[in-house]
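Q: Following this message is one structure expressed as structure tokens.
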Amino acid sequence: MHIKHQLELFPGSFVTLMLFNNVKNAANLRKMAMEGSIDGALLNPSTIVDPLQVLVAANKAIHLYKLGKMKTRTLYSEIIFNLSPTNNISEAFKKFGLSENDPAALIVLIEDETQSVNPEEIVCKVEGQQIPFGELPKIMDIAKVKKLYKLTPQDRKST
């Protein structure tokens with residue numbers, strides 16, 4: 015029930031996306047990520063419109079990692095930062111990262127020649143229901159997305 019995508023620019027790199035709803039331990043997951051016992055980016059899916067948005071952020075993060083030009087300390091924090099329309103790292107974490115009371119979570123894992131991941135190890139740490147990505151529109155908060163990206167009614171007409 016997860017998406018695994020090979021990155022075109024980095025053929026040995028894969029991005030795995032997993033979506034969860036009814037998450038009861040978001041605070042604990044956040045703590046585990048900060049301690050390094052969860053090796054992944056924990057996102058608030060209410061701010062994600064499409065999985066492509068996350069894949070682009072992950073692709074950019076891997077590119078900057080390979081160039082040694084990341085603005086954050088880890089690859090996973092760079093993914094969260096790359097989702098943000100601003101250059102403020104702490105704001106990116108507040109708006110796109112998983113908060114302690116979030117009822118849903120989107121987890122991003124990166125795999126390459128040097129590091130393999132087992133999504134099932136992450137799944138068993140989440141106290142919630144893994145759901146298909148077709149459910150993302152039900153979780154996404156369009157008002158929050160409009161506010162984050164400062165979209166106006168005129169912007170929506172041009173798309």
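Note that my numbering has the sequence shown beginning at 15, numbered continuously upward.
Backbone N, C-alpha and C define an ideal beta-carbon position, used for all residues, glycine too.
1. If you reduce the DSSP assignment to three classes, tell me which class L139 lands in.
2. For the beta strand (DSSP E) containing Q20, list its first residue and its last residue.
3. State buried or exposed for K109, treating a residue as buried only when at least 16 other CB atoms are found within 10 Å of its CB.
4. Which residue from S60, V122, V37 puts its Cα closest to that of A71?
5. From the DSSP output, which residues share a beta bridge with E125?
6. With a threshold of 16 other CB atoms inside 10 Å of the CB of I156, please say whether the residue is buried or exposed.
7. Specify, as a first and last residue, the run of the alpha helix (DSSP H) that A55 falls within.
8. Are the beta-carbon atoms belonging to A119 and V137 less than 8 Å from one another?
A: If we stick to the structure as given:
1. Correcting the residue type first, residue 139 is Lys in the shown sequence and not Leu. When secondary structure is reduced to three states using DSSP, K139 falls in the coil class, being assigned neither helix nor strand.
2. For Q20, the uninterrupted beta strand (DSSP E) run begins and ends at 17-20, by DSSP.
3. Using a 10 angstroms sphere on the CB of K109, the tally of other CB atoms reaches 16 or more, which defines it as buried.
4. When only C-alpha atoms are compared, the closest one is V122.
5. E125 has F28 as its beta-bridge partners, per DSSP.
6. By the 16-neighbour rule on beta-carbons within 10 angstroms, I156 is exposed.
7. Unbroken run through A55 is the beta strand (DSSP E), 55-57; no alpha helix (DSSP H).
8. One thing to note: A119 has its Cβ no nearer than 8 Å to the Cβ of V137.
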